[in-house]
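Working notes, beginning with the structure itself.
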Amino acid sequence: MSTTATTTIAHAVPPEAGPRVFLRRLRNGDEVAHVLTLIFAAGILLITSLLVYELWANSHLSRAKFGWMFFWTRTWDPIFDNFGAAPFIYGTLVTSVVSLLIAVPLGLAAAIFLAELAPRRVSDALAFLIDLLAAVPSVIYGLLGIFIVVPLMRTTLGPALKGALGFLPFFSGPNYGVGFLTAGIILALMVVPFIISVSREVLLTVPREQREAALALGATRWEATWQVVVPWARSGIMGSVFLALARALGETMAVTMVIGNDPRISASLFAPGYTIAAVIANEFTEATGDLYLSALIELGLVLFLLTFILNGLARLLIAATERGGGRPA
Amino acid sequence: MSSAAYGDSATAAKLAPQVRMMDSPLAVSPKEAPVRFQISHLDFFYGSKQAVFDLSLPILANKITALIGPSGCGKSTVLRTLNRMNEMIRHSRFTGEILLDGQDIRRLEVAGLRRRVGMVFQRPNPFPKSIYDNVAYGLRINGYTGRLDNMVEHSLRRAALWDEVKDQLHKSALALSGGQQQRLCIARALAVDPEVLLLDEPCSALDPVTTAKIEELLFHLKDGCTIVIVTHNMQQAARASDFTAFMLDGKLIEHAETSRLFTTPSDPRTEAYITGRFG
Ligand SMILES: Nc1ncnc2c1ncn2[C@@H]1O[C@H](COP(=O)(O)OP(=O)(O)OP(=O)(O)O)[C@@H](O)[C@H]1O
Ligand SMILES: [Mg+2]
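Residue numbers (this note's numbering), protein chains in the order written: chain D, 5 to 333; chain Z, 4 to 282.
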């Protein structure tokens, strides 16, 4: 866009002495803004590439030793220098999935309530509070987990789930209070404000005519919301979910406080586990030996890849659902 | 699913003969035409702001009634009261009585009322779905069990759009031109076979050729349903309607057969408006 603007300006200006024209054009806000935004955009690209490069270069030892097996190996043994990422990838994915399973329905329902049903003033006030929740430091959520969710899981929630759904492998085995499920719940609490906040905003931008079109055909309010308003906002809502997913994947502090920090792969959600972000944070400073360090750095690379792949899949998903009857982007 | 089952229309049709002749104080000759909507002493409020004052107006069946008047005079408000669309606006309320085929619209189930009283909006507002799904939407939510394909084609034909879209029914409705979109919205409204079609400035975003197309389409539609159209365009009202109601500041000034209202208005304010001296 701004290139076309530039060319029009260039043609409109009579050919004068070079530097003066350049200065005048520089004084033009558009030009300055153009250059600045370009620099910042390029900066982000540069930082990202540097990051990947650093992770890549510094994980050299580990990559050379374990190769692709790094992804499948289930041991994490600093004493015998045998490292595998599998339990951490598993823990990261499981906690993230659990958190989304809880947070998406909850967040979407809350967003629909705030955007569609609540009076505007109540909605705005609550949205403000929710934005505050999103800004609470994660260590606070970790404390919340330790003092409230872990005991709750041990004494009430866990036994109840076991009683009701104990026949499923997810809800069997010993329950210590800490583990995948607890971490997932804490993560859900942390990401639900994102989902609510972004989804509410998106729902509010759905044109009134869309809802009225459905109502005018005899749709009930709920039908209009669910069949017309929500689908219209779909890509924005998905965006909020992927924001939440990204946060869940990378969350470190709160998770490490409640997951048990045990690199194991268990089907039971009550079992303790470990995530990539948590193990890096916990072991990086005390990693002795170059291979150990290198393996941790490779874990960072894996996390980066994971986020990257999931985001890419998400985008494909949005593009796929949007084709056909979808609204042009 | 809405409780407005498709069977409702049969019931509605049986109730229809209970039709009233106009008791409007206005000098409109009834001409035997049954009254579809009878609006009596309508006062409409947005919160504490009154937008319509003591308005009484009959809407005759199978006629086109145009609502004209300067911006902000309350045309849309009246129109949107007829299918209770204004209920979506918080703190809005009305007093007075509106009868549809002799029944108080406030006592009707709202989804059922809206199925009987279709609406087309100022800006084309197709759903971001395929052309087919747009037209089928109303049928689906109302639990229509017949052949959707036939109804979709029938509705698109009534809206004079079939020939242009028959080969691309599964394309996105948003890929259509503005005029096509508006006719699609008409088809969508017609699909549930409403008794009344309300149109709020349906042509204001369209070019003259498309506008003419839609006017002609309305003319053909009135055999099957009653039409109320809000318009800013006096030529349009003069061309396309049988009756015209002129509103000013929330009040009905004059209601008459269109030919008479535009040739010999009985109120000086009507004359001033139609000759373009204000508004
Ligand atoms: N949602 C609302 N809340 C408060 N006042 C409203 C609302 N909608 C309309 N009004 C007011 O009611 C009056 C009538 O509005 P209405 O939209 O019915 O006018 P109109 O004749 O359709 O005008 P236009 O030709 O511009 O569409 C106006 O004074 C308007 O400001
Ligand atoms: Mg209006």
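Backbone N, C-alpha and C fix where the C-beta goes; we use that ideal spot for every residue, glycine too. Quantities reported herein were computed from a predicted structural model and do not represent experimental measurements.
Applying the criterion that 16 or more other CB atoms from any shown protein chain within 10 Å of the CB defines a buried residue, is residue i buried or exposed?
{"i": "D/D34", "result": "exposed"}
{"i": "D/P332", "result": "Because D/P332 carries a pLDDT of 42, less than 50, the predicted location of this residue cannot be relied on, and the following value inherits that uncertainty. Exposed is the call here."}
{"i": "Z/F265", "result": "buried"}
{"i": "Z/V31", "result": "Since pLDDT at Z/V31 reaches only 47, below the 50 mark, its modelled position is unreliable, and the value read off the structure follows with that caveat. Counting Cβ neighbours within 10 Å, Z/V31 comes out buried, since at least 16 surround it."}
{"i": "Z/G279", "result": "exposed"}
{"i": "D/W80", "result": "buried"}
{"i": "D/R125", "result": "exposed"}
{"i": "D/R204", "result": "buried"}
{"i": "D/Y57", "result": "exposed"}
{"i": "D/I83", "result": "exposed"}
{"i": "D/F246", "result": "buried"}
{"i": "Z/G146", "result": "exposed"}
{"i": "Z/I189", "result": "buried"}
{"i": "D/M242", "result": "buried"}
Hey, out of the options, whose CA is closest to residue i's CA?
{"i": "Z/A162", "options": "Z/R96, Z/I217, Z/F246", "result": "Z/I217"}
{"i": "Z/H235", "options": "Z/F222, Z/A208, Z/N86", "result": "Z/A208"}
{"i": "Z/R186", "options": "Z/L82, Z/Q125, Z/F48", "result": "Z/Q125"}
{"i": "D/N315", "options": "D/I200, D/S244, D/I48", "result": "D/S244"}
{"i": "D/R225", "options": "Z/S95, Z/D104, Z/R117", "result": "Z/R117"}
{"i": "D/G304", "options": "D/A164, D/V140, D/R67", "result": "D/R67"}
{"i": "D/A131", "options": "D/V140, D/A114, D/S142", "result": "D/A114"}
{"i": "Z/Q41", "options": "Z/T214, Z/I101, Z/P197, Z/K52", "result": "Z/I101"}
{"i": "D/P123", "options": "D/L208, D/E302, D/N86, D/M194", "result": "D/L208"}
{"i": "D/Y296", "options": "D/A138, D/N86, D/T41", "result": "D/N86"}
{"i": "Z/N89", "options": "D/L49, D/A318, D/E216, D/L118", "result": "D/E216"}
{"i": "D/R268", "options": "D/F92, D/T41, D/W76, D/F75", "result": "D/F92"}
{"i": "D/S270", "options": "D/A258, D/L172, D/A281, D/G222", "result": "D/L172"}
{"i": "Z/A178", "options": "Z/E198, Z/K132, Z/D196", "result": "Z/K132"}
{"i": "D/E213", "options": "D/G222, D/V202, D/V233, D/F198", "result": "D/V233"}
Name the DSSP beta bridge partners of residue i, please?
{"i": "Z/E100", "result": "Z/S43"}
{"i": "D/N265", "result": "Paired residue(s): none; D/N265 is not in a bridge."}
{"i": "D/T289", "result": "Paired residue(s): none; D/T289 is not in a bridge."}
{"i": "D/N86", "result": "D/D81"}
{"i": "Z/P61", "result": "Z/Q41"}
{"i": "D/V36", "result": "For D/V36, which the question treats as bridged, DSSP gives no partner whatsoever."}
{"i": "Z/T214", "result": "The partner list for Z/T214 (beta bridge, DSSP) is empty, contrary to what the question assumes."}
{"i": "Z/L1", "result": "Only positions 4 to 282 of chain Z appear in the structure, and residue 1 of chain Z is not among them; the question remains open."}
{"i": "Z/K254", "result": "Z/L251"}
{"i": "Z/V55", "result": "Z/F47"}
{"i": "Z/L200", "result": "Z/G121, Z/I230"}
Looking at residue j and residue i, is the spacing between their C-beta atoms short of 7 Å?
{"i": "Z/K169", "j": "Z/I67", "result": "no"}
{"i": "D/R78", "j": "D/G71", "result": "no"}
{"i": "Z/D252", "j": "Z/S79", "result": "no"}
{"i": "D/G162", "j": "D/M261", "result": "no"}
{"i": "Z/M122", "j": "Z/L201", "result": "yes"}
{"i": "Z/D270", "j": "Z/E257", "result": "yes"}
{"i": "D/G183", "j": "D/G264", "result": "yes"}
{"i": "Z/V38", "j": "Z/L45", "result": "no"}
{"i": "D/A285", "j": "D/T311", "result": "no"}
{"i": "Z/M250", "j": "Z/G72", "result": "yes"}
{"i": "D/E227", "j": "Z/I144", "result": "yes"}
{"i": "D/I200", "j": "D/G111", "result": "yes"}
{"i": "Z/A194", "j": "Z/G141", "result": "yes"}
{"i": "Z/I134", "j": "Z/A69", "result": "no"}
{"i": "D/A252", "j": "D/L309", "result": "no"}
{"i": "D/V195", "j": "D/A248", "result": "yes"}
{"i": "D/S63", "j": "D/E302", "result": "yes"}
Using beta carbons (cut-off 7 Å, strictly below), is residue i in contact with chain D?
{"i": "Z/G181", "result": "no"}
{"i": "Z/P33", "result": "Note that Z/P33 scores 49 on pLDDT, short of 50, meaning its location in the model is unreliable and no value can be drawn from it."}
{"i": "Z/M154", "result": "no"}
{"i": "Z/A139", "result": "no"}
{"i": "Z/F124", "result": "yes"}
{"i": "Z/A190", "result": "no"}
{"i": "Z/A114", "result": "yes"}
I'd like to know whether the C-beta of residue i is nearer than 7 Å to at least one C-beta of chain Z.
{"i": "D/G240", "result": "no"}
{"i": "D/L118", "result": "no"}
{"i": "D/T224", "result": "yes"}
{"i": "D/A323", "result": "no"}
{"i": "D/A237", "result": "no"}
{"i": "D/L221", "result": "yes"}
{"i": "D/A217", "result": "yes"}
{"i": "D/E290", "result": "no"}
{"i": "D/E227", "result": "yes"}
{"i": "D/E205", "result": "no"}
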